[in-house]
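Protein chains: 2
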Amino acid sequence: MTRIILDAMGSDNAPKNETEGALVAVRELGIEISLAGPRSVVQAELDKHPGYPISAIQVVDAPQVIAMDEPVAQAIRRKPQSSISVGMQLVQEGKADGFVSAGNTGAIMVIAKMVMKMIGELDRPAVGAVLPTLTGRPALLLDVGANAECKPLHLLQFAIMGDIYARSIMDVKSPQVGLVSIGEEQLKGNELTRETHKLLSQSALQFIGNVEGQGVFSGKADVVVCDGFTGNVILKVSEGLSEMLLKVFQQEFVEKESSVGSGLSLEAFREFRRRFDYEESGGAPLLGIKNVCVICHGRSGQRAIANAIKMAVDLVEKRVPERIGAEMAQLKALAIRD
Amino acid sequence: MTRIILDAMGSDNAPKNETEGALVAVRELGIEISLAGPRSVVQAELDKHPGYPISAIQVVDAPQVIAMDEPVAQAIRRKPQSSISVGMQLVQEGKADGFVSAGNTGAIMVIAKMVMKMIGELDRPAVGAVLPTLTGRPALLLDVGANAECKPLHLLQFAIMGDIYARSIMDVKSPQVGLVSIGEEQLKGNELTRETHKLLSQSALQFIGNVEGQGVFSGKADVVVCDGFTGNVILKVSEGLSEMLLKVFQQEFVEKESSVGSGLSLEAFREFRRRFDYEESGGAPLLGIKNVCVICHGRSGQRAIANAIKMAVDLVEKRVPERIGAEMAQLKALAIRD
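Residue numbers (the working numbering), protein chains in the order written: chain A, 1 to 338; chain B, 339 to 676.
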């Protein structure tokens, strides 16, 4: 049976949201979950749910907690027994299949590299974000946070990982891969995008060329690659803008007794909002490390936590890290033969 | 009387939208407008509006038209009599006060530098975008397109120009200036943002530090600076995302006879949409050149054209290029004294 380690102390509302998300996930997915965190704190939270499935949810004691804004280097030095480190160690040892956390993203990435290790041929892990598009099918944008300074080879590696993710998890047979730039022509953009354009054109991927900002949400690409600075800005701008639009819309058409005879129900609006709410969307896969790891937003509610756990289960069942490892090894073999 | 040169051949729907926008602008603003383009074409369009104010709208013959996707270097070499070149030349000679175009942005920028010239102390012009925010007050984001590779000094110059724009045009007494980065701490981001953070901290500007993507739309900063690659991506992502949200929203709540009893009127929705529609928002100021120049979206309708003309008139009346020039000269004098 698949077993996921959930960092119980990651979210802004930990361990409540994690515990509730875990209860939803075990019920819906029929898996086992270990909650990592200070035993007494996590057990007390679990005990608020009398009759919880004891066989499916355990507590793994991890006495230390890394704070959301704690400097990463310091956190790692001072807190070897953090819920992140202890949880990842168990996955690395094969005692569990994947790790999920809504905690400090920087710490998660660094500890993942240290404990779960990079896939041999890869230089850097990438954080992917699953975005809604106009077509209704999602697009995977990567990297959205791990790598502020990137080289063209890194973006090619991100594209290969994204392609595997799209085929395995998004059920896209032949994923269309785009490169974020500021013009559709090959020569537009900066040095990084021009060089990356060449590499992607020569690859075996279905490369559709440069994608401008609006193309990210048009759905013409299944996988969109960029450096981590650009990707993180895109993700945060999208969060901020949709939050603003949804808030103003709610004020105008739902809360206000409208003078124009609008009677949009709060329920219908909430349903719409859920589709575009980043708090609700679940997790972001950390790709390029040897084990499954999914990162959630610090504001994640129980539904987002449960969705992230589902993503981790999918990544385990589809053996995504193994497939990335195999593809990278093959590429390396080809390069050596060339 | 203020006279604006409007490139009649810029937009996707030229010269119709330009002509109609000009008619709106002369009526609302009481200014003079010269439409630059092939005389017979533009005059024929004007003649569709019998009784148009002949004293307020003239045609300036510019027989050549630069296409939207034409390579800039080639366009400039082959088309010295383009509507952009001819129009800017008239402004440079003092025969008009400002220039507005919905044409090829790259060509506008390069010809502006050649013909209207940079303000002496500045290295690069910047394109600003006026974005809506949660507070209801707009924010100016720059640069959104001109400079794919930037140095810290360029971003400082953008911030100074943005500050002057916010004080002059947005009526903000003490503009709060933010720097786009991927974390709020000074050390987060890439090399460019870390160095720029230092420069901005030492400046006389009201620098509020790094602003993450969502901060652009929260309204906490009046002026937000970044390199032109990042800014253009932000602008295009915002366009794409709001287009998607508005389209899905319209389908769900306006067009569909909803099963949940929603009866949102198309009229009310259109009003909402206008507030967040990039096609409707008007122009983007090109800052750093000696004359007033405003760039519009290629999809601009007559309202957007009229709004862009209004922005140009404001820039002329508030003497923004002169104020930027004076501030830069003063900064240079201070630097020499140090």
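Don't be surprised by glycine CBs; every beta carbon is placed ideally from N, CA and C.
Taking a beta-carbon distance threshold of 8 angstroms, A:S242 counts as an interface residue toward chain B.
Going by DSSP, B:D652 is part of the alpha helix (DSSP H) stretching over Q640 to E655. Annotated three-state conformation of B:I414 is helix, per DSSP. Nearest CB-CB separation between A:V223 and chain B: not below the 8 angstroms threshold.
Under the DSSP definition of a beta bridge, A:R3 partners with A:E32. Scanning the segment 205–245 of chain A from its first residue to its last, the whole beta strand (DSSP E) runs of 3-plus residues come out as 206–211 and 223–225. Think of a sphere of 7 angstroms around the beta carbon of A:V216: the chain B residues whose beta carbon falls inside it are V575 and G578, in chain order.
For B:F496, the nearest beta carbon of chain A is not closer than 8 angstroms to its own beta carbon.
For A:K247, a Cβ of chain B is located within less than 8 angstroms of the residue's own Cβ. Along the segment 414–443 of chain B, the alpha helix (DSSP H) occurs as fully enclosed runs of 4 or more residues at 421–430, listed in sequence order. Pairwise C-beta distances place the segment 307–315 of chain A in contact with the segment 97–113 of chain A, as three or more of them are shorter than 8 angstroms. Across the segment 400–413 of chain B, no CB contact with chain A closer than 7 angstroms is found for any residue. Chain-ordered, the chain B residues with CB closer than 9 angstroms to the CB of A:G213 read N570, V571, I572, L573, K574, V575, S576, E577, G578 and L579. For A:K290 against A:S168, the beta-carbon gap comes to about 16 angstroms, at or over 8 angstroms, which does not count as contact. Non-local beta-carbon contacts of B:E522 in its own chain, meaning distances under 6 angstroms to residues more than five positions away in sequence, involve N548 in chain order. Bridge partners of A:V24 according to DSSP: none are assigned. CA-CA distance, B:P409 to B:Q402, rounds to 15 angstroms. One finds I520 in chain B with Cβ atoms closer than 9 angstroms to the Cβ of A:G145, taken in chain order.
Contact with chain B is absent for A:T2, since none of that chain's Cβ atoms lies less than 8 angstroms from the residue's Cβ. Judged by DSSP secondary structure, B:L478 falls within the beta strand (DSSP E) whose first and last residues are A477 to L480. If you check the CB distance, B:F610 and A:F249 come in under 8 angstroms. Residue pairing by DSSP puts A:A284 in a beta bridge opposite A:I295. Annotation for B:D385: no alpha helix (DSSP H) segment contains it, and DSSP assigns it neither H nor E. Residues of the same chain with a CB within less than 8 angstroms of the CB of B:V364, apart from the 5 flanking positions on each side, are E370, I371, P391, A394 and I395 in chain order.
Where B:I404 is concerned, there is no enclosing alpha helix (DSSP H), because DSSP gives it neither an H nor an E.
For a cut-off of 8 angstroms, the C-beta gap from A:V223 to A:I234 is around 14 angstroms, too long to register as a contact. In the structure shown, B:I627 adopts extended strand secondary structure according to DSSP, grouped into three states. When DSSP states are grouped into helix, strand and coil, A:G178 belongs to the strand group. Between the C-alpha atoms of A:S218 and B:V380 there is a straight-line separation of about 35 angstroms.
For A:L131, DSSP records a beta bridge to A:A139. Looking at B:L517, B:L669, B:R661 and B:R608, the one whose alpha-carbon comes closest to that of B:A477 is B:L517. The residues P152 and L156, in chain order, have a CB closer than 6 angstroms to that of A:L199 in the same chain once the five nearest residues on each side in sequence are set aside.
Between A:V237 and B:V575, the C-beta spacing is below 8 angstroms. By the CB criterion at 8 angstroms, B:L373 and B:A346 fall inside the cutoff. Around the beta carbon of A:Q330, fewer than 16 other beta carbons sit within 10 angstroms, so the residue counts as exposed. Against chain B, the CB of A:G288 has no partner CB under 8 angstroms away; the residue lies outside that interface.
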